[in-house]
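Engineer: Have a look at this one before I ask anything.
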Amino acid sequence: MLVPSTEGLDPQVDRTHGTHRTARTAPGTHRARDDSRAGSRRGASGPVVMGVVNVTPDSFSDGGRYADTDAAVAHGRSLLSEGADVLDIGGESTRPGATRPLVREELDRVVPVIAALSADGAVVSVDTMRAEVAAEALSAGASIVNDVSGGLADPEILAVTAAAGATYIAMHWRAHADRMAEMTTYDGPGGVVGGVRRELAARVEDLLAAGIAEHRIVLDPGLGFAKRPEHNWELVRALSPGGDLSAMGFPFLVGASRKSFLGLLLAGQDGAPREVGGREVAGHALTLLLAQRGVWGVRVHDVRGTRDVLSVWEQT
Ligand code: PMM
1 MLVPSTEGLD PQVDRTHGTH RTARTAPGTH RARDDSRAGS RRGASGPVVM
51 GVVNVTPDSF SDGGRYADTD AAVAHGRSLL SEGADVLDIG GESTRPGATR
101 PLVREELDRV VPVIAALSAD GAVVSVDTMR AEVAAEALSA GASIVNDVSG
151 GLADPEILAV TAAAGATYIA MHWRAHADRM AEMTTYDGPG GVVGGVRREL
201 AARVEDLLAA GIAEHRIVLD PGLGFAKRPE HNWELVRALS PGGDLSAMGF
251 PFLVGASRKS FLGLLLAGQD GAPREVGGRE VAGHALTLLL AQRGVWGVRV
301 HDVRGTRDVL SVWEQT
């Protein structure tokens, strides 16, 4: 199993606002679940917990709550104190139907927040599809580029990431938010899992060709992006040991937190999806299963709850 470099995610990094309790070795967490006491995971390294900081007025999950710099920085610090390993800072909402901000707007949203939280010692990823934003974010202290388009929206982002030697998260993606609902057909071999696997493999080829080192690549199935609700569950199943996505040999990040497929799973008798605020427990259950399946990381809004379920898992 390939693992991304631990550089920048080393738990020894001084996180001024963090209260990291364990000696988890962050990425590359597929190793060492076999400590000397058979059957125990005590001291094991669980998935990287990536806390979401959306500096946006319109994200579906927390739209508007952290839209200004001070609120976003305060939120990031609070996620660190709850045990986030990485803060994922984004200035563009990807909710279905969302309109894109101008580049200048996106920069103004994320760069000051990244600068402040990096100065605190946080490990920061920038959630962007734009090369220009990635470049400024990396200069401001980010060490990971989280590109939901996997380099399709702005291919120059790959060269920017390669030049910085940063870690790159390539999510499965087919189209911008205004069109992704029309792009949910997977009628090739293997259905949605086969399609996502082939399309991610094509992204990996482009990433490598652009000079991103293999050990700096993390993949993401893109739950909720150009997927019908049932597709998300098939993709989660393909992340089991021996599953078709796991078999790709790359570390995976999964972002399920508060997404609408959970809302549909929990729909009331009238068929109305559970509201965003009522999806947290299902998200935590999924995190626990994904941890057991050895995913590299989980992208979550509720860091404290995520840490709670991982603490239980680590004791069993
Ligand atoms: N989901 C969202 C935004 N960025 N990045 C990755 N790598 N994976 C995801 O699943 C993902 C992402 C949308 O969710 P939000 O509005 O809660 O941020």
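With my numbering, the residue at position 180 of the sequence shown is 180, and numbering never jumps.
Where is the CB? At the ideal position from N, CA and C, for every residue including glycine.
A quick note: this is a predicted structure, and the numbers were derived from the prediction, not measured.
If I measure Cβ to Cβ from S36 and keep anything under 7 angstroms in the same chain, skipping five residues before and after, which residues do I get?
Structural biologist: Position 36 of the sequence shown, counted from the first residue, corresponds to residue 36. Only weak support exists for where S36 lies, its pLDDT of 34 falling under 50; the value from the coordinates is given anyway. Same-chain partners within the cutoff: there are none.
Engineer: Kindly indicate if chain C contains any beta-carbon less than 8 angstroms away from that of S240.
Structural biologist: Among the chains of the structure shown, chain C does not appear; only one protein chain is present.
Engineer: Closer than 7 angstroms: is that where the CB of L266 sits relative to any heavy atom of the ligand PMM?
Structural biologist: Within the sequence shown, the letter at position 266 stands for residue 266. Incorrect: L266 has no Cβ contact closer than 7 angstroms to the ligand PMM.
Engineer: Quick check on the DSSP output: what are the complete beta strand (DSSP E) runs of length 3 or more inside the stretch 89-134, in order along the chain?
Structural biologist: Runs found: 124-127.
Engineer: So within the stretch 144-218, which uninterrupted beta strand (DSSP E) runs reach at least 3 residues, ignoring any that extend past its ends?
Structural biologist: Listed in chain order, they are 144-147, 167-171.
Engineer: Any heavy atom of the ligand PMM closer than 7 angstroms to the beta-carbon of L223?
Structural biologist: Residue mapping note: residue 223 aligns to position 223 of the sequence shown, counting from 1. L223 Cβ: within cutoff of the ligand PMM.
Engineer: Enumerate in chain order the residues of its own chain whose CB-to-CB distance from A71 is below 6 angstroms, with the five nearest sequence positions on each side excluded.
Structural biologist: Here residue 71 refers to the residue found at position 71 when the sequence shown is read from its first residue. Answer for A71: no residue qualifies.
Engineer: Among the candidates W233, V126, P57, A285, whose CA atom is the shortest distance from the CA of V192?
Structural biologist: Position 192 of the sequence shown, counted from the start, is the residue given in the question as residue 192. Of the candidates W233, V126, P57, A285, the one whose C-alpha sits nearest the C-alpha of V192 is W233.
Engineer: Kindly indicate which three-state DSSP category F225 falls into: helix, strand or coil?
Structural biologist: Within the sequence shown, numbered from 1, the residue matching residue 225 stands at position 225. Coil.
Engineer: In three-state terms, what does DSSP make of D308?
Structural biologist: The sequence position of residue 308 within the sequence shown is 308, counting from 1. Residue state, collapsed to three classes: helix.
Engineer: In three-state DSSP terms, what is L266?
Structural biologist: Counting from 1 along the sequence shown, the entry for residue 266 is found at position 266. Residue state, collapsed to three classes: coil.
Engineer: So, with DSSP's three-state summary, where would you put D70?
Structural biologist: Against the sequence shown, residue 70 aligns to sequence position 70. Helix.
Engineer: Applying the criterion that 16 or more other CB atoms from any shown protein chain within 10 Å of the CB defines a buried residue, is S311 buried or exposed?
Structural biologist: The residue given as residue 311 occupies position 311 in the sequence shown. Exposed, because fewer than 16 other Cβ atoms sit within 10 Å of the Cβ of S311.
Engineer: Using 8 angstroms as the threshold, is the C-beta distance between A181 and L207 below it?
Structural biologist: Numbered from 1 along the sequence shown, position 181 holds the residue referred to as residue 181. Numbered from 1 along the sequence shown, position 207 holds the residue referred to as residue 207. Cβ atoms of A181 and L207: not closer than 8 angstroms.
Engineer: Take every Cβ of the stretch 296-308, pair it with every Cβ of the stretch 276-288, and state whether three or more of those distances are shorter than 8 angstroms.
Structural biologist: Contact holds: three or more Cβ-Cβ distances are below 8 angstroms.
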